[in-house]
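Position 268 of the sequence shown, counting from 1, maps to 268 under UniProt numbering, and the rest follow consecutively.
Shown next, in structure tokens, is the structure this report addresses.
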Amino acid sequence: MPGMKLLICPTPDCSGLLYLEDLRCDTCGAEVAYHTLSETMVAVTGPDIEVANRLWHPCVNRDRDCNWLAADDSSTDQCFSCRLTRVRPNDNDPDALERLAEAEKSKRRVLVQLNSLGLPIDPYFESDGGLGFDLLSSEYEKVTIGQANGIVTIDLAETLDAHRERLRVALGEPYRTMLGHFRHEIGHYYEWVLVEQTDKIEQCRQIFGDERASYTDAIDQHYSNGAPPNWRDSYISEYATMHPWEDFAECFAHYLHITDTLDTAASAGMELVPGRSVVPALPLAVGPRDSYGADDFDALMDDWHWISLFFNRVNRSMGKADLYPFSISDPVVDKLRFIHGVLTDLPRTRVSELDGFGRSIDSQDTAG
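Here it is in structure tokens:
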């Protein structure tokens with residue numbers, strides 16, 4: 001389970017730190033692009049860029065802030081991430097396209113993490129039930145965020161801070177982000193692919209409940225009566241109480257939240273040291289890892305306990321809400337343990353090395 005790598009400017013004598021979304025280096029001004037195979041930033045010096053004896057070009061959507069590369073020997077100008085977007089707003093809607101660009105940033109971050117975790121990313125344009133994204137604007141039509149048969153639907157209005165915050169407050173949620181939406185809906189997809197269609201389904205039902213229970217009835221019950229008063233004893237969020245599908249998706253999203261944050265801290269060499277730590281009760285040095293194997297779940301959760309306390313204190317020092325405003329009860333730990341087991345039980349091959357990130361594939365236009 002390799003972590004989110006620290007990204008460095010490729011320009012000689014610069015070595016400025018870069019974010020995953022960057023199109024250029026703030027330190028030296030060089031244009032950069034993300035190379036999915038090596039998980040590094042490369043310099044954009046022209047229309048063609050040679051990386052590891054192979055030619056690449058910037059994604060055709062670079063003008064909409066996509067900083068990924070596409071292989072010259074593929075039959076498309078789009079990068080793999082953009083190709084996964086099945087439906088998007090029309091080109092004559094600049095406001096919606098601006099929101100699309102923001103949503104795509106979150107989608108690319110999720111895809112990088114899924115690839116890092118070694119999860120299968122089977123694109124919709126190659127198989128029925130493959131992964132794809134419909135990124136729609138609720139300004140013109142009703143958009144229901146969800147996942148069905150591999151297609152994740154996202155409302156682009158959620159990129160607007162005021163809109164998202166209004167919904168967060170109305171629904172009583174401590175946390176609501178575009179990245180969180182993608183991680184939650186991806187959780188539905190992977191439950192369907194990695195659990196419901198495998199021999200893991202019975203164990204999943206024992207832990208999360210029977211997903212065959214009526215979803216329509218569960219929605220009516222949840223929005224009529226709300227979550228049970230003691231929901232924190234067994235669930236990570238109120239929404240997770242609605243139906244076993246939502247419980248799994250919420251826990252899956254939190255697993256991605258936790259592992260991505262730990263991976264980022266590990267890539268920076270972060271360590272909490274007793275006696276010097278802001279957490280006085282720290283018993284031993286805590287250094288997040290860039291890999292937590294099948295037998296390392298307890299270490300993962302212990303590291304997260306201390307690291308999240310530290311980051312919550314950092315956020316409060318800036319007058320912000322806690323980075324991780326959730327309590328993880330023992331039943332939720334068991335649910336996260338199950339998800340960890342499912343993911344670490346997968347073959348340790350990676351999408352970028354097999355069939356997806358940068359692979360030569362037949363051309364198929366994105367709708368919209």
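Idealized CB from N, CA, C, for every residue including glycine.
**Item:** Stretch-stretch touch, CB-based, cutoff 8 Å, three pairs: the segment 143–163 with the segment 293–309
**Value:** Verdict: no, contact absent.
**Asked** Considering only the beta carbon of each residue, do residue 146 and residue 185 sit closer than 8 Å?
**Response** The residue labelled residue 146 in the question sits at position 146 within the sequence shown. The residue labelled residue 185 in the question sits at position 185 within the sequence shown. Yes. Within cutoff.
**residue 40 to residue 267 span [Cα, whole Å]** = Position 40 of the sequence shown holds residue 40. Position 267 of the sequence shown holds residue 267. For residue 40 and residue 267, the distance between alpha carbons rounds to 13 Å.
**Burial state of residue 142, where buried means 16 or more other Cβ atoms lie within 10 Å** = On the sequence shown, residue 142 is found 142 positions in, with the first residue counted as 1. Exposed is the call here.
**Burial state of residue 115 (16 or more Cβ within 10 Å)** = Within the sequence shown, residue 115 is the residue found at index 115, counting from 1. That one is buried.
**Request:** Specify, as a first and last residue, the run of the alpha helix (DSSP H) that residue 338 falls within.
**Result:** Counting from one through the sequence shown, the residue named residue 338 turns up at place 338. 330–344 is the span of the alpha helix (DSSP H), which, as asked, contains residue 338.
**Simplified DSSP assignment, three categories, for residue 132** = Residue numbering aside, residue 132 sits at position 132 when the sequence shown is read from its first letter. Three-state DSSP puts residue 132 in a strand.
**Prompt:** Are there three or more Cβ pairs, one per stretch, closer than 8 Å when the segment 193–210 is compared with the segment 257–273?
**Reply:** no
**residue 155 versus residue 8 - alpha carbon distance** = Locating residue 155 in the sequence shown gives position 155, counting from the first residue. Locating residue 8 in the sequence shown gives position 8, counting from the first residue. Distance between the alpha carbons of residue 155 and residue 8: 33 Å.
**Request:** Taking only runs that begin and end inside the segment 167–247, name each unbroken alpha helix (DSSP H) of 4 or more residues, in chain order.
**Result:** Counting only runs that start and end inside the segment 167–247, the alpha helix (DSSP H) elements of at least 4 residues fall at 178–190, 201–208 and 215–225.
**Bridge-paired residues (DSSP) for residue 146** = Here residue 146 refers to the residue found at position 146 of the sequence shown. DSSP, once it has assigned bridges, lists 153 as partnering residue 146.
**Prompt:** Excluding the five sequence neighbours on either side, which residues of its own chain have a C-beta within less than 8 Å of the C-beta of residue 124, listed in chain order?
**Reply:** Taking the first residue of the sequence shown as 1, we reach residue 124 at position 124. Closer than 8 Å at Cβ, skipping near neighbours: 84, 86, 130, 131, 132, 150 and 151.
**Message:** Excluding the 5 residues flanking residue 54 on each side, which residues of the same chain have their C-beta closer than 8 Å to its C-beta?
**Reply:** Start at 1 with the first residue of the sequence shown, and residue 54 comes out as number 54. Excluding positions up to five away in sequence, the list reads 71, 72 and 73.
**Prompt:** Straight-line CA distance for residue 336 to residue 255?
**Reply:** Numbered from 1 along the sequence shown, position 336 holds the residue referred to as residue 336. Numbered from 1 along the sequence shown, position 255 holds the residue referred to as residue 255. Approximately 7 Å, taken between the alpha carbons.
**Asked** Between residue 238 and residue 227, what straight-line distance do the alpha-carbon atoms span, to the nearest angstrom?
**Response** For the purposes of this step, residue 238 is identified with residue 238 of the sequence shown, where counting begins at 1. For the purposes of this step, residue 227 is identified with residue 227 of the sequence shown, where counting begins at 1. Approximately 6 Å between the Cα atoms of the pair.
**Asked** What is the DSSP secondary structure of residue 14, reduced to helix, strand or coil?
**Response** Taking the sequence shown and counting its residues from 1, one reaches residue 14 at position 14. Per DSSP, reduced to three states, the secondary structure at residue 14 is coil, with no helix or strand assignment.
**Item:** Which residues DSSP lists as bridging residue 261, in chain order
**Value:** By one-based count along the sequence shown, residue 261 stands at place 261. Its beta-bridge partners do not exist; DSSP assigns none.
**Request:** Specify, as a first and last residue, the run of the beta strand (DSSP E) that residue 41 falls within.
**Result:** Taking the sequence shown and counting its residues from 1, the one referred to as residue 41 is at position 41. Here the beta strand (DSSP E) through residue 41 covers 40–43.
**Item:** Rounded separation between residue 232 and residue 290 - CA only
**Value:** Translated into the one-based positions of the sequence shown, residue 232 becomes position 232. Translated into the one-based positions of the sequence shown, residue 290 becomes position 290. Between residue 232 and residue 290, the C-alpha separation is close to 30 Å.
**Prompt:** Relative to the alpha-carbon of residue 230, which residue among 241, 11 and 224 has its alpha-carbon at the smallest distance?
**Reply:** The sequence position of residue 230 within the sequence shown is 230, counting from 1. Comparing Cα-Cα distances from residue 230 to each of 241, 11 and 224, the minimum goes to 241.
**Message:** In whole angstroms, give me the CA-to-CA distance for residue 235 and residue 340.
**Reply:** Residue numbering aside, residue 235 sits at position 235 when the sequence shown is read from its first letter. Residue numbering aside, residue 340 sits at position 340 when the sequence shown is read from its first letter. Going from the Cα of residue 235 to the Cα of residue 340 covers about 17 Å.
**Prompt:** Between which two residues does the beta strand (DSSP E) containing residue 56 stretch?
**Reply:** Within the sequence shown, numbered from 1, the residue matching residue 56 stands at position 56. It spans 54–58 - the beta strand (DSSP E) in which residue 56 sits, taken as one unbroken run.
**Request:** Note down, in chain order, each residue of its chain lying with its Cβ closer than 8 Å to the Cβ of residue 110, except the 5 sequence neighbours on either side.
**Result:** Position 110 of the sequence shown holds residue 110. So the qualifying residues of the chain are 179, 182, 183, 186 and 256.
**Message:** In whole angstroms, give me the CA-to-CA distance for residue 26 and residue 286.
**Reply:** Residue 26 sits at position 26 when you count from the first residue of the sequence shown. Residue 286 sits at position 286 when you count from the first residue of the sequence shown. Going from the Cα of residue 26 to the Cα of residue 286 covers about 32 Å.
**Request:** Have a look at residue 15 and residue 28 and give me their C-alpha separation to the nearest angstrom.
**Result:** As a working note, residue 15 is residue 15 in the sequence shown. As a working note, residue 28 is residue 28 in the sequence shown. Spanning the two alpha carbons is a distance of roughly 9 Å.
**Asked** What is the DSSP secondary structure of residue 7, counted as helix, strand or coil?
**Response** Taking the sequence shown and counting its residues from 1, the one referred to as residue 7 is at position 7. Strand, per DSSP.
**Prompt:** Considering only C-alpha positions, which residue in the set 200, 314, 303 and 164 is nearest to residue 342?
**Reply:** Taking the sequence shown and counting its residues from 1, the one referred to as residue 342 is at position 342. Looking at the Cα atoms, 200 is the closest of the given residues.
**Message:** Let me check understanding here. Comparing Cα to Cα, which of 98, 251 and 76 lies closest to residue 60?
**Reply:** Walking along the sequence shown from the start, residue 60 turns up at place 60. Residue 76 is the option with its Cα nearest to residue 60.
**Asked** CA-CA distance, residue 311 and residue 23?
**Response** Here residue 311 is taken as the residue at index 311 of the sequence shown, counted from 1. Here residue 23 is taken as the residue at index 23 of the sequence shown, counted from 1. Taking the straight line from one Cα to the other gives about 27 Å.
**Prompt:** Rounded to a whole number of angstroms, what is the C-alpha to C-alpha distance between residue 45 and residue 222?
**Reply:** The sequence position of residue 45 within the sequence shown is 45, counting from 1. The sequence position of residue 222 within the sequence shown is 222, counting from 1. Looking at the two C-alpha atoms, the distance is approximately 54 Å.
**Proximity of residue 284 and residue 308 at Cβ, strictly below 8 Å** = Taking the sequence shown and counting its residues from 1, the one referred to as residue 284 is at position 284. Taking the sequence shown and counting its residues from 1, the one referred to as residue 308 is at position 308. Result no, Cβ atoms of residue 284 and residue 308 do not sit closer than 8 Å.
**Message:** Please report the straight-line C-alpha distance between residue 395 and residue 170, rounded to a whole angstrom.
**Reply:** Because the chain spans 1 through 368 in this model, residue 395 falls outside it and cannot be assessed.
**Message:** Among the candidates 92, 93, 346 and 66, whose CA atom is the shortest distance from the CA of residue 101?
**Reply:** Here residue 101 corresponds to residue number 101 of the sequence shown, with the count starting at 1. Nearest C-alpha to residue 101: 66.
**Message:** Going by DSSP, what residue range makes up the beta strand (DSSP E) through residue 86?
**Reply:** Position 86 of the sequence shown, counting from 1, holds the residue named residue 86. Residue 86 -> beta strand (DSSP E) spans 85–87.
**Request:** With DSSP as the reference, label residue 50 as helix, strand or coil.
**Result:** For the purposes of this step, residue 50 is identified with residue 50 of the sequence shown, where counting begins at 1. Of the three classes helix, strand and coil, the one that applies to residue 50 here is strand, per DSSP.
**Asked** Candidates 333, 176, 52 and 120: which alpha carbon is nearest residue 373's?
**Response** The shown model of the chain, from 1 to 368, leaves out residue 373, and the question about it has no answer.
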